[in-house]
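Structure first, commentary second.
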Amino acid sequence: MAQHQGGRGHRHEDPTGTERQRIVVAVATGFDAYQRPLLHGMRRVLAAHGIPLIAHADNSSSPTLDPALVGLLHAASTAAVISTNALAPKREAQLHGVVAERNLPIIHIGQDVPGQACVRADNVQGMTALMRLVLDDCGARTPVLIQGLAHQPDHCLREEIFRAETSRRGVRVDESLVFRGYSDLDIVKRELRLLVERRRDMDAVIALDDATALVAMEVLADAGLRVPQDVVVTGFDDYPMAAINWPSLTTVDQNLEEQGATAAELLLKALAGGVPRTQVLIACELIPRGSTAVGDGTLASVPQTVESVTRMACAYLRTQGGLLRMGRALLKCRTLDDICGALPESLAALGVLRAFLVVYEPSEEVAKAADAPPRSAWLLLDYRDGVAQPTPPGPFSSRSLLPESLRGELHLGFLGFQPLRGSQRQLGYLLFEHEQSFGPIPFVESLAMNLSRTLEAVFSTGALAEHSATLERLVTQRTQELETEIGLRRQVERELRNANDELRRSAVTDGLTGIANRTALAHHFEEHWRRHIDERHELAVLMVDVDLFKAYNDRYGHLLGDSTLRTVAACLRRSAHHPDDLVCRFGGEEFLVVLPFSGLPEARTVAARFFRLLADAAIPHAVSPIAPVVTASVGVAAIVPSEHTRPETVIAAADTALYRAKDGGRNQIVVSSATDAPSG
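Following our numbering, the residues of the sequence shown are numbered contiguously, the last one being 719.
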């Protein structure tokens, strides 16, 4: 292995004799509370040896790898791989195939791959200590087990220890109290609610990860069961939110940062010519907290300090505030230039040091095959040193990740690689570096969702404009070539007028449902807001969300899903009777209804009328726990516009009311209270 020189990375020679800098690729499913400490440990070890790390995160439901990741793995500079457990076994198998094809060293985290180096938490030690606390100290005898991912080795082993420890104490596991949550919080919430409706004699809930445990505590509280007085609850992972929850969550710290660091150290040995074929277990630590406090409520471990909890809460509020401001800024973007202007301030507020926003050529077909050829891409934003830098002109191959003049940025320590997807195609990706290895609070998923939604809207509008411009050029060309053919010219001019009419209509119409889109919504507010200010009239808004629409799509398919959205749109359109009322598709399965010159009573009437029409439509929804037909939740808000308010004020209030409706069980109308409207 070459010696580390200054801060630069290790280099090796390719078959052509050209010296290339080596890059380690980490394959993850996100930048969440599980992945962040792993990446921090990898980064710490690799940086000390001058080896750059690129972490690719993909939490999509696709059964195949992101083509951009496949391209990165085939890049000549990629020297080794660290892999965490994937969401789909097929993706893991495909990854192993690509790595074997290139003969790359690979270290696995949280996996059990025969004959290869694997780093895992000592689940036997950690889970045994946890079960000792639950069964011996807390005296639980009727535990609920929420199973995790069936192909995840850590989850499987933790379940084995659960069953072994209960059996060793003569405690019979009631299989009716065992269900698989798949680490999907919506599934966990639904199944546990159904279980609590049938049984209330459980005295413990054992979840195999913290996120599942925190959702379980919510469900138990909603059902009137107290934690820990009635039911003790435990998780596994020691995520930051476990400490600031109330009561705080008893869990197991599986020393994720040390797992990441150990994987990186094994990789260094592999790069030096060693072939580690071993499984390394990292010691775990039981973290007793309030969710299992029994007797006098004392805990064996040192409690979380007020200062640390306060710091965590403040970090959470700062991150959420930054994401909210970013969402508002992107909501106003109509062009790619608007996006480039809005992002730098938001990235700075989120602690991002470097960011490169790359978009694929919109005219190209979606690259679905794993071995798809390199795609043309454009660098939309080069954010460094707190400002947007000038971007190189022209396209480049996305397999190179960045234009040639910026390739050196790939070798400066660490970059996160977040794919950006729209509803129909891949849009591009974001490469970024955070000042604290992503900080204590997850933000990347929200950032990616906001960026993807805005890019897709801009691309859709641009495609229509390009179509109109193409017809303009066609008219000019044909007029010059066929000056004598007046009839043909008039025909082309009619096509152009029709295209322009279609462009104007499409620019303000949602293509799927035929109702207004976000552009029309902005125009509608511009038309009415000033008049309401001048005349002191009230204006009302309904925010509507189709209940459990993802589950509906999973059961019935996207074609019936699209048909259902059209039916919901039609019911809303028939519910709003005034000529000035506007029904808009706000995004996905969300709709917005604007009722000028109306207050809360009129808004409630429109919402009730919509509920009746939707009930009459009787769209079957067999997987809904709410009703056998499709239902919706509605948030209602009203405002008297003033010089100090914006349309976003009443939208935010209606959105807050909508979330209260969803949290309250869905299929209901919730009217905004005074506290729902943000100040200013």
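For each residue, glycine too, the CB sits at the ideal point set by N, CA and C.
Excluding sequence positions up to five away, which residues of its chain have a Cβ less than 6 Å from the Cβ of residue 232?
258
Under the rule that 16 or more other beta-carbon atoms within 10 Å means buried, what is residue 597, buried or exposed?
exposed
For residue 241, the three-state DSSP class (helix, strand or coil)
coil
Can you tell me which of the three DSSP states residue 423 falls into?
strand
For residue 417: DSSP bridge partner residues:
398
Could you name the residues of the same chain whose beta carbon sits closer than 6 Å to that of residue 721, not counting the 5 residues immediately before and after it, in chain order?
Outside the shown range of the chain, which is 40 to 719, sits residue 721, and nothing can be said about it.
Would you list the residues sitting across from residue 447 in a DSSP beta bridge?
Note: residue 447 sits in no beta bridge, so no partner.
Does DSSP classify residue 182 as helix, strand or coil?
strand
In angstroms with no decimal places, state the Cα-to-Cα distance between residue 424 and residue 378.
18 Å
Roughly how many angstroms separate the alpha carbons of residue 40 and residue 291, rounded to a whole number?
The pLDDT assigned to residue 40 is 29, lower than 50, so where the model puts this residue is not dependable; a value taken from the coordinates is nonetheless given after this. Cα-Cα distance, rounded: 37 Å.
Is the number of C-beta pairs between the region 668 to 677 and the region 691 to 700 that are closer than 8 Å three or more?
yes
Residue range of the beta strand (DSSP E) that includes residue 208
That residue, residue 208, is in no beta strand (DSSP E); it is neither H nor E in DSSP.
Is the distance from the Cβ of residue 669 to the Cβ of residue 697 below 8 Å?
no
Using the three-state DSSP reduction, which class does residue 430 fall into: helix, strand or coil?
coil
In terms of residues, what are the limits of the alpha helix (DSSP H) holding residue 584?
No alpha helix (DSSP H) contains residue 584, which is instead part of the beta strand (DSSP E) from 578 to 585.
Below 8 Å, can you find three or more Cβ-Cβ pairs linking the region 63 to 73 to the region 87 to 97?
yes
Could you give the DSSP three-state label for residue 95: helix, strand or coil?
strand
Which term fits residue 270, buried or exposed, when burial requires 16 or more other beta carbons within 10 angstroms of its beta carbon?
buried
Would you mind stating whether residue 256 and residue 216 have Cβ atoms separated by less than 8 Å?
no
Going by DSSP, what residues sit across from residue 525 in a beta bridge?
DSSP output for residue 525 lists no bridge partner at all.
Environment of residue 681 [buried if 16+ CB atoms lie within 10 Å]
exposed
For the alpha helix (DSSP H) containing residue 602, name the first residue and the last one.
597 to 614
Quick one: any contact between the region 282 to 296 and the region 217 to 236, if contact means 3 or more CB pairs under 8 Å?
no
Evaluate residue 426 with the Cβ neighbour count: other Cβ atoms within 10 Å of its Cβ, from every protein chain shown; 16 or more gives buried, anything less gives exposed.
exposed
In three-state DSSP terms, what is residue 672?
strand
Could you have a look at residue 709 and say whether DSSP puts it in helix, strand or coil?
strand
Own chain, CB closer than 8 Å to residue 617, minus 5 neighbours either side, in chain order
634, 635, 636, 637
Provide the residue span of the alpha helix (DSSP H) that contains residue 72, from first to last.
Note, residue 72: premise wrong, no alpha helix (DSSP H); not H, not E.
Helix, strand or coil: how does DSSP classify residue 562 here?
helix
Per DSSP, which one or two residues make a beta bridge with residue 65?
94, 121
Stretch pair the region 173 to 183 + the region 140 to 152: three plus CB contacts closer than 8 Å
no
Give every residue of the same chain whose Cβ lies closer than 8 Å to the Cβ of residue 444, excluding the five residues on either side of it in the sequence, and list them in chain order.
431
Roughly how many angstroms lie between the CA atoms of residue 51 and residue 382, to the nearest whole one?
Summary for residue 51: the model assigns pLDDT 42, below 50, so the residue's position carries little reliability, and this model does not support an answer.
CB contact flag (residue 465, residue 487, <8 Å)
no
Tell me, please, whether the region 320 to 330 touches the region 273 to 290 by the rule of three or more beta-carbon pairs shorter than 8 Å.
yes
Within the region 238 to 316, note down every full beta strand (DSSP E) run reaching 3 residues or more, in order along the chain.
243 to 246, 271 to 273, 290 to 292
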